[in-house]
Each structure stands twice: as structure tokens, then as C-alpha cells.
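Residue numbers (this note's numbering): 40 to 129.
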């Protein structure tokens, strides 16, 4: 499912126009992105949790040269599905 499909399904399910559905989805993505950029978690009970996790520094290999390189630590977004979502997917 891509964004267009999601907008169509959301508009139909919520009985709103596609334009409104797209603005709601865009607003949701913006709010979650802003919260994660501040290091906050977004918990949706039953659905899951969006959070930021630290990825440790590690060694890697440059595929073009074969030389070892050091990859620095960084923060990455992570989604942890909730129990209800896990059960629905099973």
C-alpha cells in the first residue's frame, strides 16, 4: 500500500474527502516526525510505539575499495508493534 492507497482507504473509512484525508495523514506524519526529532516516544495503545533508538558505532567495509571504515553511532527511528496489531497480523 502506498500513500495514495492509504489516502483512498482512510477517506472511505472516515467518510471524508480525499483532500481532507491526505491533510490528516500528512499532519500525523509531521507530528510523529517532530516528536521523534525531539527524542520523544509516540505511543498508540494497541497499535504500537514510535521511538528513537541509538545505533552503536561499528566497523564496516567500503565495497569499492575493500578497506575497513568506522561507522559512527547515530540515532534511528524505530516502530514497535503493539499486542493488538501483532495478534491481528497473525
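Even for Gly, the Cβ is constructed at its ideal location relative to N, Cα and C.
For residue 107, no alpha helix (DSSP H) run applies; the uninterrupted beta strand (DSSP E) run containing it begins and ends at 107-110, by DSSP. Assigned with DSSP and collapsed to three states, residue 118 falls in strand. Bridge pairing for residue 81: 89 [DSSP].
DSSP, read as helix, strand or coil, puts residue 43 in helix.
Looking at 56, 85, 77, 112, the one whose alpha-carbon comes closest to that of residue 126 is 85. Counting only runs of 4+ residues, the alpha helix (DSSP H) found wholly inside the stretch 42-76 occupies 42-53, 57-76, in chain order.
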